[in-house]
Ligand SMILES: NC(=O)C1=CN([C@@H]2O[C@H](COP(=O)(O)OP(=O)(O)OC[C@H]3O[C@@H](n4cnc5c(N)ncnc54)[C@H](O)[C@@H]3O)[C@@H](O)[C@H]2O)C=CC1
Ligand SMILES: CC/C=C\C[C@H](O)C(=O)/C=C/C=C/C=C\C=C\[C@@H](O)C/C=C\CCC(=O)O
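Numbering (the working numbering), first residue to last: 231 to 492.
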């Protein structure tokens, strides 16, 4: 599959109002600003204040027409699907879909499944419908945020681990479907270790300091948000056949996608 050429591309990032999602949005816009034709990023999030503040800041830096924010709860299936269809119709296309929104809340484990697993499956399936070349789309890239907790267990966050494991199997299978039927869509899954954000430090309250320190040590330390963001950009731009990336401060390990079966 060819490398994605960035100018003029339209990207959607769920959970893009803060944290890792916001860093992804900013990095895409920075990269686009160095190219002859800027490209556009749409932030979807439930945090209205953070979303509006990020929008203002990013529009000042990168131009009014290059960044948008819409309130969207990914658990509201109709709203989420309709927004993706409107973006595709009104901006003219959808090239990059980043399903990043996620929570870790064992007290409300059903909501964690709705956001982390059902929300990502819905975003992936709807974006796939809009991008599929055999259905009149232009192809594209879909990146789902899993975690190292999608590959191994961590004490105290069993539902979070289940959802992130689910995303690994789901994304690998979508990659196989696309490869097999020439949809022109790349599917990627990122599995970072703990990223040095406010969120990861909440784990200490859930698991206790001692287990948190053990988990950080066993996974090779905390990752900087900048380090993760550079790997994200490489994955979006160049990872033709790399389906899954395990991202650690010590380096990245890739899993290649399965080849055509016929
Ligand atoms: N922080 C970490 O150490 C790691 C995080 N991840 C994953 O990265 C992703 C981003 O995490 P962080 O930036 O650290 O967390 P965060 O809590 O700072 O950001 C999550 C974003 O998702 C949004 N969100 C939550 N529920 C939503 C919903 N129903 N609809 C739309 N948006 C919703 C939040 O409002 C927030 O903006 C998550 O999927 C997380 O599981 C993966 C590995 C490590
Ligand atoms: C040490 C490394 C181990 C695992 C890291 C892993 O990569 C990972 O994905 C870690 C995620 C950590 C998440 C921790 C807490 C998140 C909490 C929020 O999502 C909770 C949101 C709402 C709950 C109610 C509230 O606190 O207001």
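Ideal Cβ positions, reconstructed from N, Cα and C, are used throughout, including at glycine.
Nothing here was measured: the structure is a model prediction, and the numbers come from that model.
Sixteen is the threshold: since fewer than 16 other Cβ atoms of the shown chains lie within 10 Å of the Cβ of residue 294, the residue is exposed. Taking the Cβ atoms as the reference, residue 374 lies roughly 5 Å from residue 397, within the contact range of under 8 Å. Between the region 318-337 and the region 356-374 there are three or more C-beta pairs closer than 8 Å, enough to call the two in contact.
Between the alpha carbons of residue 481 and residue 445 lies a gap of roughly 17 Å. Looking at the backbone, the Cα of residue 393 and that of residue 366 are separated by about 32 Å.
Counting only residues of its own chain and dropping the five nearest sequence neighbours on each side, residue 282 has a CB closer than 8 Å to the CB of 299.
Here residue 449 has 378 and 423 as same chain residues with Cβ atoms under 6 Å from its own Cβ, once five neighbours each way along the sequence are excluded. Approximately 6 Å separates the beta-carbon atoms of residue 345 and residue 332; this is inside 8 Å, confirming the contact.
Taking 6 Å as the cut-off, the C-beta of residue 247 counts as close to a heavy atom of ligand 1. As DSSP reads the structure, residue 422 sits in a beta bridge with 477.
Under the 10 Å beta carbon count, residue 405 is surrounded by 16 or more other beta carbons and is classified as buried.
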